[in-house]
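Chains as they are written, first to last, in my numbering: chain A, 137 to 261; chain B, 137 to 261; chain C, 137 to 261; chain D, 137 to 261.
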């Protein structure tokens, strides 16, 4: 997240907000944020939100996510929110969104499954 | 795609292959390719694959995609493939995948909906 | 919907609620509502919600949906809600959920894309 | 599956085929198979495919699935196929499809996550 200039705006149990200022090098040819960047930020918000409800020492992996792109990601700044919809022992289901800060336009919606893994080596199931 | 060092490896009607060499600045803390980069490359392969079957002058927009992350994106190089499963007048459904070049391990699977738009300004529906 | 005993509980612009009483013939071996029935009800709620914001004479088609199953669908009755997140000229993005009426437990979450089609013959793009 | 007249056509490690003859009571108003029935059959094919690679005594749960509806489900008979794309200790990723038997038209594509659970009580994570 640091690479793209994103910062944690708020962390509460089951809910995380990440801010992303506009940067021209994150956009595609039309000046819109690239779908990969949109996904990365919302996925991170969902992953951190899941992590807030996992046991200490757990790491989180994205199992899968589904993204609907609703509007062009154009604006001076963006805000991603991730929310835990259901926290299980192994799997956590989250929803997330990315909004334009100025206009509050929703750019993207995510529905994702996160997995708690022991340790921090990021190994997959 | 140029920003992340990706290159078109092959373009055929309904099928596009994109190569992505490893670059340390595209990885997260464990040396794996970030989920956003994985998504961006496979989404691009799917989008270009859809575009090959669209009328001249059309542009393509990602309506939505679903990604399953199957294995850590670790390797010297990656290859994304996008395939058109059904080309409609307005909507095109694609499947895509990302593999590690060395081991042929599948890292990610995508199922996506693309939309043809008139003109090239990237406006959304 | 009539086949499975579902009834429209409320219809507002962009939001539709459908009630589904428990029926043993809709369950799988463990007495839970089958995933196909869960999907059908939430898909219908999303489709009707989309239709409320489409021009008169339009019909609605489900382009795609993504469902997370969060808890076993067990209870005396179920309530599905579909909401429009973004209504476009051609495509409408909805979110939906199914809850157990007694406990308010969320059984399933849906994120779906609906398409407006002219006429009522259900032809696809 | 018995309720809707579906039968197992073939079971191999990691791949299951289910046949579904046309029945008028499974259709919606236009004589097409309902999206819920389409989903149920492909979900079952994916679930059984996952089960073939799980340890003895394990049961399988659908964690989530994503379905693209490509063409109207109209025909004298339908064939669903589920394939394991990656079998993990806990999670198995499958792809599936439903075809019209006569024309080989693909009606639906699924990408799904299945979970192995101990015992057979269908409890969720």
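Where a beta carbon is used, it is the ideal one built from N, C-alpha and C, also for glycine.
Predicted model, so just to flag it, every value in this text is computed and none were measured.
Can you pull the chain B residues whose beta carbon is under 7 angstroms from the beta carbon of residue 139 of chain A, in chain order?
Neighbours of residue 139 of chain A on chain B, chain order: 161.
If we ignore side chains and look at the alpha-carbon of each, how far apart do residue 162 of chain A and residue 233 of chain A end up?
Looking at the two C-alpha atoms, the distance is approximately 18 angstroms.
Could you tell me the boundaries of the alpha helix (DSSP H) in which residue 187 of chain C lies?
Note, residue 187 of chain C: alpha helix (DSSP H), 171–187.
Hey, could you find the ends of the beta strand (DSSP E) residue 142 of chain B is sitting in?
Run containing residue 142 of chain B: none; DSSP gives neither H nor E here.
Report the rounded CA-to-CA distance for residue 215 of chain C versus residue 189 of chain C, giving the unit in angstroms.
Approximately 21 angstroms between the Cα atoms of the pair.
Which partner residues does residue 217 of chain A have in the DSSP bridge list?
DSSP lists A/153, A/233 as partners of residue 217 of chain A.
Residue 206 of chain A by DSSP, collapsed to three states: which one?
Reduced to three states, the DSSP call for residue 206 of chain A is coil.
Please name the residue, chosen from C/225, C/207, C/252, that lies closest to residue 170 of chain C on a Cα-to-Cα basis.
The shortest C-alpha separation from residue 170 of chain C is found at C/207.
Using beta carbons (cut-off 8 angstroms, strictly below), is residue 187 of chain A in contact with chain D?
No - not a single Cβ of chain D is within 8 angstroms of the one on residue 187 of chain A.
Any idea if residue 249 of chain B is buried or exposed, counting beta-carbon neighbours within 10 angstroms, 16 or more meaning buried?
Residue 249 of chain B comes out buried.
Going by C-alpha distance, which of C/235, C/229, C/212, C/251 is nearest residue 159 of chain C?
It is C/212.
On the CB-based measure, 16 or more other CB atoms within 10 Å of its CB, does residue 225 of chain B come out buried or exposed?
Label assigned to residue 225 of chain B: exposed.
Distance check for residue 198 of chain A and residue 137 of chain A, CA to CA, integer angstroms please.
Answer to the nearest angstrom: the Cα atoms are 15 angstroms apart.
Do residue 196 of chain D and residue 243 of chain D have their beta-carbon atoms positioned less than 8 angstroms apart in this structure?
Not closer than 8 angstroms, so no.
By Cβ distance below 6 angstroms, which residues in the same chain neighbour residue 155 of chain A in space, the five residues on each side in sequence not counted?
For residue 155 of chain A, where only same-chain residues beyond five positions count, the Cβ hits under 6 angstroms are 143, 145, 215.
Once the 5 residues before and after residue 139 of chain C are set aside, which same chain residues still bring their CB inside 8 angstroms of it?
No residues qualify anywhere along the chain.
Where residue 185 of chain D and residue 235 of chain C are concerned, what is the direct C-alpha to C-alpha distance, given to the nearest angstrom?
In a straight line, the C-alpha of residue 185 of chain D is about 29 angstroms away from that of residue 235 of chain C.
What does the alpha-carbon distance come out to for the pair residue 205 of chain D and residue 240 of chain A?
If you take the alpha carbons of residue 205 of chain D and residue 240 of chain A, they lie about 31 angstroms apart.
Looking only at its chain, what residues have a beta carbon closer than 7 angstroms to the beta carbon of residue 256 of chain C, apart from the 5 residues adjacent to it on each side?
Unreliable positioning characterises residue 256 of chain C in this predicted model, as indicated by a pLDDT of 49, which lies under 50. The coordinate reading is nonetheless provided below. 195.
How would you label residue 179 of chain C, buried or exposed, when you count the other beta carbons within 10 angstroms and need 16 or more for buried?
Label assigned to residue 179 of chain C: buried.
Please report the residue range of the beta strand (DSSP E) in which residue 190 of chain C lies.
Careful: residue 190 of chain C lies outside any beta strand (DSSP E) and carries neither H nor E.
Among the candidates D/245, D/201, D/177, D/217, whose CA atom is the shortest distance from the CA of residue 245 of chain C?
Measuring from the Cα of residue 245 of chain C, the nearest candidate turns out to be D/201.
Which residue from B/141, B/176, B/228 puts its Cα closest to that of residue 151 of chain B?
For the residues B/141, B/176, B/228, the minimum Cα distance to residue 151 of chain B belongs to B/228.
Would you check if the distance between the CB atom of residue 141 of chain A and the CB atom of residue 181 of chain A is smaller than 8 angstroms?
No. Outside cutoff.
Out of curiosity, what's the CA-to-CA distance linking residue 166 of chain A and residue 230 of chain C?
C-alpha separation (whole angstroms): 27 angstroms.
Between the Cα of residue 252 of chain D and the Cα atoms of D/238, D/168, D/193, which residue gives the shortest distance?
Nearest of D/238, D/168, D/193 to residue 252 of chain D, Cα basis: D/193.
Over what stretch of residues does the beta strand (DSSP E) that includes residue 164 of chain B continue unbroken?
Note, residue 164 of chain B: premise wrong, no beta strand (DSSP E); not H, not E.
Determine which residues of the stretch 184–215 of chain B have a Cβ less than 8 angstroms from any Cβ of chain C, and write them out in chain order.
Correct list: 199, 200, 202.
Spell out whether any CB of chain A is found under 8 angstroms from the CB atom of residue 231 of chain D.
No - not a single Cβ of chain A is within 8 angstroms of the one on residue 231 of chain D.
Within the same chain, show all residues whose beta-carbon is closer than 6 angstroms to that of residue 237 of chain A, passing over the 5 residues directly before and after it, in chain order.
Within the same chain, residue 237 of chain A has close Cβ partners 213, 215.
Check whether the Cβ atoms of residue 209 of chain B and residue 168 of chain B sit closer than 8 angstroms, and answer yes or no.
Cβ atoms of residue 209 of chain B and residue 168 of chain B: closer than 8 angstroms.
Taking the CB atoms as reference points, tell me whether residue 172 of chain A and residue 176 of chain B lie closer together than 8 angstroms.
Yes. Within cutoff.
Could you tell me which chain C residues have their CB closer than 8 angstroms to the CB of residue 143 of chain B, listed as they occur along the chain?
Ordered by position in chain C, no residue passes the 8 angstroms Cβ test against residue 143 of chain B, which lies about 30 angstroms from the chain.
Go ahead and pull the three-state DSSP assignment for residue 259 of chain B.
In this prediction, residue 259 of chain B scores a pLDDT of 49, lower than 50, which makes its location untrustworthy; no coordinate-derived value is stated.
So with Cβ pairs under 8 angstroms, would you call residue 245 of chain B a contact of chain C?
Taking Cβ atoms only, chain C never reaches closer than 8 angstroms to residue 245 of chain B, which makes this a no.
For residue 164 of chain D, which residues of its own chain have a beta-carbon under 7 angstroms away from its beta-carbon, when the five flanking residues on both sides are left out?
170, listed in sequence order.
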